[in-house]
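In our numbering, the protein residues as written are 58 to 363.
Note that beta-carbon positions come from the ideal geometry of N, C-alpha and C, so glycine has one too.
Values in this document were obtained by computation on a predicted structure and should not be read as measured data.
Structure first, commentary second.
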């Protein structure tokens, strides 16, 4: 399938096509893990339940693996050229979700228990580490000059991802207001690293493995990082107002944790009186009850405060 044909397809069709292309190689890669880690990874990927029984149709959207396939096609190669890169980024993405859920204390993802909740914190940490190591070795095994180039790309993206995750955690200890408050532009920079680095790497890896010049891969990497900021902004919106039936998380989940997200930071930085009310609520003592959560969401949502 050519890139021009791909552009005529709908987004769900593109994602489906890429998942079908990548799934056999991804499954083969997971089978290389220790059986315990392979079982945990299959659960995290949505392929099976805690008891190991197959769970058809519950896998994630596969955005990153699709970007790797499309990156290869955009560079003039075939989708198959990007499969190895797609496997690597999907393994890294799964590792990052497992560890992220542990750090955030999230108990559900995609309407199922998170890995640490289902298997325990220790096994979840080990499974994440195993997936990380497998991702690197997957690219290191690529023959020719593309292998080392791909490993360098992934290593740089992993460094940025961890840097962004560290910033996100540090934001939690900073005040809502005053000279040490987190500003919207700082948050966007964090999102470009935490979320955008792997999206950019996905598209770039596809191009690298298709034999594209570095300039082409760099351009796709930058585009992916911009996409990551937008992706994080949408995720933040869903974290406050998302439908639990679609997101798999409780309504107002981010507000409940007083998490510093872009909608809240943008509302606080405005000059509208609602921003001062929002500040008073967020800096008040104690957790927010259900009424407080609804009121806070309303203050953030106030169009005049944006």
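Alpha carbon to alpha carbon, how far is residue i from residue j?
i	j	result
residue 178	residue 330	44 Å
residue 110	residue 134	37 Å
residue 318	residue 284	17 Å
residue 275	residue 202	17 Å
residue 348	residue 308	13 Å
residue 333	residue 325	7 Å
residue 112	residue 92	18 Å
residue 206	residue 196	9 Å
residue 145	residue 267	15 Å
residue 238	residue 316	13 Å
residue 62	residue 77	Because the pLDDT at residue 62 is just 49, under 50, the model does not fix this residue reliably, and the value given afterwards should be weighed accordingly. Looking at the two C-alpha atoms, the distance is approximately 17 Å.
residue 174	residue 155	10 Å
residue 79	residue 246	31 Å
How far does the alpha helix (DSSP H) with residue i in it reach, from first residue to last?
i	result
residue 213	203-228
residue 73	68-87
residue 275	271-298
residue 178	178-197
residue 306	Premise fails: residue 306 is in no alpha helix (DSSP H) and is neither H nor E.
residue 263	253-266
residue 127	120-131
residue 107	Where residue 107 is concerned, there is no enclosing alpha helix (DSSP H), given that its DSSP letter is neither H nor E.
residue 92	92-101
residue 330	330-339
What do you get for residue i, buried or exposed, if any count of 16 or more other CB atoms within 10 angstroms of its CB means buried?
i	result
residue 367	In the structure as shown, the chain begins at 58 and stops at 363. Residue 367 is therefore absent and cannot be evaluated.
residue 104	buried
residue 168	exposed
residue 291	exposed
residue 118	exposed
residue 65	exposed
residue 225	buried
residue 278	buried
To the nearest whole angstrom, what separates the beta carbons of residue i and residue j, a pair I think is in contact under 8 Å?
i	j	result
residue 320	residue 294	6 Å
residue 141	residue 182	Rounded, the Cβ-Cβ distance is 26 Å, inconsistent with contact.
residue 241	residue 322	5 Å
residue 186	residue 171	16 Å between Cβ atoms; not a contact.
residue 312	residue 356	No, residue 312 and residue 356 are not in contact; Cβ-Cβ is about 10 Å, not under 8 Å.
residue 254	residue 303	Incorrect: roughly 26 Å between the Cβ atoms, too far for contact.
residue 188	residue 98	6 Å
Residue i CB to nearest chain C CB: under 9 Å?
i	result
residue 263	Included in the structure is just one protein chain, with no chain C present.
Problem - Inter-stretch contact (C-beta, 8 Å, three-pair minimum) for the stretch 203-211 and the stretch 256-263 - result: yes
Exercise for the section: Report yes or no: do three or more beta-carbon pairs, one from the stretch 149-160 and one from the stretch 92-106, lie closer than 8 Å? Expected result: yes
Practice task
Inspect the CB distances between the stretch 76-96 and the stretch 217-233 and report whether three or more fall short of 8 Å.
Solution key: no
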